[in-house]
Every structure is written in structure tokens, then in C-alpha cells.
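Notes to accompany the following structure.
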Amino acid sequence: MRLFGDSDLAHNYMKRALPLVIIAAVLGAGLLTAWYLQRSTAETPAPPPTTNASPSQNAASRSNQAEPGAEPPHALGSSNAPVTLEEFGDFECPPCGMLHPILKNLEGEFGPAKLRIIFREFPLVPAHAHALAAARAAEAAGLQGKFWEMHDMIYENQKAWHEAFDVRLIFEGYATKIGLDLEQFRRDNTNEIVEQRIFLDGKRAHSLGVKGTPTVFLNGREVPFESLAPDKLKALINSELAARP
Amino acid sequence: MAETNQPTLARRATALYGAVALVSLIGLADSIYLTVEHVSGRSVRCTIVSGCSEVLSSPYATVRGIPLAAIGAIAYFIVFSLATLAAFGYKGVGKLLPLIVAAMFLTTLWLLYLQAFVIGHFCQFCLLSALVTTTLMGLVIAALRAKVGNLATD
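Order-wise, the sequence lines are chains A and B.
Quick note on numbering: the first sequence equals residues 1 to 245 in my numbering.
Quick note on numbering: the second sequence equals residues 1001 to 1154 in my numbering.
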């Protein structure tokens, strides 16, 4: 009889403890899944090494095998600078807008002798309705030698034009502000050279496997998105500089 | 009649709490995935396919710096825990569960409004979460009705 009572007690105890065990198991499984997903996201896919070349040589060769993109590229800094940062950007993409001041700071901090910044057009159409118009406006300004002025103007006012229905007049306003010939700018918006440059940058992006914006390559190696924070990007540039005295 | 209904209703409430626990696991998995995407920055980047990147890079994706998806994961885990305890006959937890699920449901309606009218983009993972929360709401109401019916037959 007593034995029977003990068995009931054990059964009741088990019944009370079971849900707690299930909850603890789910909590553990959830944390493990999060850890696994985080780890697999943090790992950047690297091309399989085919030779005994160093990772940076591999990256450089991958970059060289890719489509060249529009020539000459829009670049700030010396072509002999030891570090080249190539950004594939979309003027309407909010994270690209956030990256813009970071790159401006780095440009000022490292200077043209150490850091070369290249901008490549990668408008995400149709996800961003005005991205192509913005790319055209920047390229049209480039034909008058003021690409970077328009680039800065468009990024710095991203919120102002992003919601607009018709951005043409807004961009024309920017063109006037930076001192462009407005009639020329209007004509150049549909210029074949402008279209070709955007197309060629897009071809380069696809050949490098760019899937989104902003995508940044540092001396030919893709920088993981989470490393685009100012301190991390600065550290990466410093390590590239240290490797190339 | 009452004597035959009572165990049936109690069993029904237990089954419904079990279903709540199972459905909340879908929401938990979805929000863990979204939290990791958000923290790693993968979905915050703009991609060719519109939707999640716009929603997750919007200012509504975080509350005081904490990703909304992480708050969702915690909420789904609490719902799972309470539903599991209720299914195993723990008293009291059944009262807290409808309150939490109702709060989640109201938040879901607000987030759907934001996606439709403010952000202008829908994220499929957020829509899955909305579907899960709506299902949870239905299940919790059904469980409450079964419990009330059970008490009425006492």
C-alpha cells in the first residue's frame, strides 16, 4: 500500500516536472538555434583557394576577373593609394545613406594618399522607385565634372526626395545649387553615356556577386555588412595599410 | 448531461492549450530568425527583392535600440511556457495567457498598419508572425470558452 503511494507521488512529481523540462528544452533549443544562425551569418563566403596564393592575392584576382565597370570610375584619392574602397550603392537605400557620412569621415581621416574611394552605381530597381533617377542625376552631373557634389547632395537629402512623387524637379534644384548648366543636365539625364555607365557598373556588381546595397570591397575583398560600422571599417583599413607599408 | 460534458470540456481546454504551445513555437522560430537577421545586419541592407529590408531598416523595427523581433521572441517564449503549464494543469497561468496574447494581437494590428500605410512594404516573415498571433488569439478564446463552459457545469 505504501509502495503504491510512493509510486503515485513519483508519478505526480513527474507530471509536475515534465512541463518545466519541456520549457527548458525549448529555451535551450532556441538559444542554440540563435547561436548557430548568428555564426553562419557572421561567416563570409570565401572563394575556394585554387592556388597557394594569399587571401588578398585571391581576392585581387577575383576582382580582376570581374567585369571592369564604367571607366573611368568615380574615384576620390590617388590611384596609387595602398587601400581602395569600392562601394556599390543605391542612392535611395537608407543604409547607403547612413554609410555616406562614415565614408566621408574616413576620406578626411586617411587622406587621398592612403585611401581611394570608388563609387559604383547599383540602383535596386524596382525595389526603389527613384533609385535609377538618382543614379542618372549623379552620372549626368559627372558629365559636367561634378559627380561627387551631386552624389553628396543626393545622399544628404535622401529623406527629402525619397517620399516625393516626382523627383526630377528636386534633382534639378540640386543641379542648380551645385552650379551645373541646367539645360545640359536635363539633356544628359537621358544621355546614352549615362545609361551605359549605370549598366556597366551593374554588370561589374553582378560579376562580383553583389546582391544588395551597400556592398563594399576593400582591396578587392568584400567587407561583411556588419563590419561597415565606423570603428570596424577603420580597423580594416588600418590593417590593410599595415600589410602594405 | 453536465457530468458527461465536464471532462470533455476540460480535455478540450487542455488540447487547445497544447495547440497554443505548438503554434507559438512557429512564432518563436520566426522571430529568432528575424532577430538574428537584424543583429547581423543582413536584412537591414537593401536587396533587389523589396520588403523585409525596408521593414527591418525602418525606425519602427527597434524599440529603444532593442530589435522588435527580439521582443517578439521573448513574448512567444512566454506564451509557449504559459500554454505548456496550463496544458499540464498548472492553476493560474490560464488567466495570464489571454492578457499576453491580447497585447500581442493588438501590437500585431499596429505593425500591420505601419507596414501597409507608413512603411509601404510588407515583410513575409512579419506577416507570418501576424498570422501566428491571430491564430493564437483564436485558440486562446476557444480555450477560455471551454474553461468557462467547464466551470459552468461544475
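Idealized CB from N, CA, C, for every residue including glycine.
Counted as a single uninterrupted DSSP element, the alpha helix (DSSP H) harbouring A:Arg-204 occupies residues 192-207. Look at A:Ile-178 here: in three-state DSSP terms it is coil, with no helix or strand label. Here A:Ile-193 really is in contact with A:Leu-143; their C-beta atoms are around 7 angstroms apart, less than 8 angstroms. Against B:Tyr-1033, the close residues of chain A are Leu-37, in the order they occur along the chain (beta-carbon pairs closer than 7 angstroms).
Interface criterion met: the Cβ of B:Phe-1088 is under 8 angstroms from a Cβ in chain A. Between B:Ala-1075 and B:Thr-1035, the C-beta spacing is not below 8 angstroms. Counting only Cβ-Cβ distances below 7 angstroms, B:Ser-1081 has contacts in chain A at Ile-23, in chain order.
With its beta carbon at least 8 angstroms from every one in chain B, A:Gly-97 lies outside the interface. Inclusion of B:Ile-1119 and B:Ser-1058 in the CB contact set at 8 angstroms is warranted, their separation being smaller than that value.
The closest CA to that of A:Asn-238, considering only A:Glu-86, A:Phe-91, A:Leu-115 and A:Leu-200, is found on A:Leu-115. At a cut-off of 8 angstroms between beta-carbon atoms, B:Leu-1128 makes no contact with chain A. Bounds of the alpha helix (DSSP H) holding B:Phe-1105 are 1093-1113.
The beta carbon of A:Ala-205 sits closer than 6 angstroms to the beta carbons of Phe-88 and Phe-122 from its chain, once the five residues preceding and following it are set aside; these are given in chain order. Straight-line measurement puts the Cα of A:Leu-106 at about 22 angstroms from the Cα of A:Pro-72. For the 8 angstroms CB-CB criterion, A:Leu-124 and A:Thr-213 form a contact. With the criterion set as a beta carbon lying under 9 angstroms from some beta carbon of chain B, the members of the region 196-214 of chain A are Lys-211, Gly-212, Thr-213 and Pro-214, in sequence order. About 14 angstroms separates the beta carbon of A:Ala-135 from that of A:Phe-185, a gap too long to meet the 8 angstroms contact definition. B:Phe-1077 reaches chain A at Val-26, Leu-27 and Gly-30, counting residues in chain order whose Cβ is nearer than 8 angstroms. For A:His-74, the enclosing beta strand (DSSP E) has its first and last residue at 74-76. Where A:Val-167 is concerned, there is no enclosing beta strand (DSSP E), because DSSP gives it neither an H nor an E. Bounds of any beta strand (DSSP E) do not take in A:Gly-108; it lies within the alpha helix (DSSP H) bounded by 94-110. Here B:Cys-1046 carries a strand assignment [DSSP, helix/strand/coil]. Sorting A:Glu-86, A:His-130 and A:Leu-37 by C-alpha distance to the C-alpha of A:Glu-163 places A:His-130 at the top. Note that the region 79-93 of chain A does not touch the region 169-181 of chain A; fewer than 3 beta-carbon pairs, one per stretch, sit closer than 8 angstroms. Listed along chain A are Pro-19, each with a C-beta nearer than 7 angstroms to that of B:Leu-1085. Residues of chain B whose Cβ lies closer than 7 angstroms to the Cβ of A:Lys-177 do not exist, since the nearest Cβ in that chain is about 26 angstroms away. Against A:Asp-90, the close residues of chain B are Cys-1046, in the order they occur along the chain (beta-carbon pairs closer than 8 angstroms). Contact annotation for A:Lys-234 against chain B: no contact, minimum CB-CB distance about 17 angstroms [criterion: below 8 angstroms]. Burial is judged here by how many other beta carbons sit within 10 angstroms of a residue's own beta carbon; A:Ser-79 has fewer than 16 and is exposed. Taking the Cα positions, A:Glu-67 is about 37 angstroms away from A:Trp-35. By DSSP's assignment, B:Leu-1131 forms no beta bridge with any residue. At least 8 angstroms separates the CB of A:Phe-171 from every CB of chain B. Annotated three-state conformation of A:Leu-124 is coil, per DSSP. For the region 143-174 of chain A, no residue has a beta-carbon sitting nearer than 9 angstroms to a beta-carbon of chain B. Look at B:Leu-1028: its C-beta is under 8 angstroms from a C-beta on chain A. Contacts between A:Lys-104 and chain B, judged by CB atoms closer than 9 angstroms, are missing: the closest CB pair is about 20 angstroms apart.
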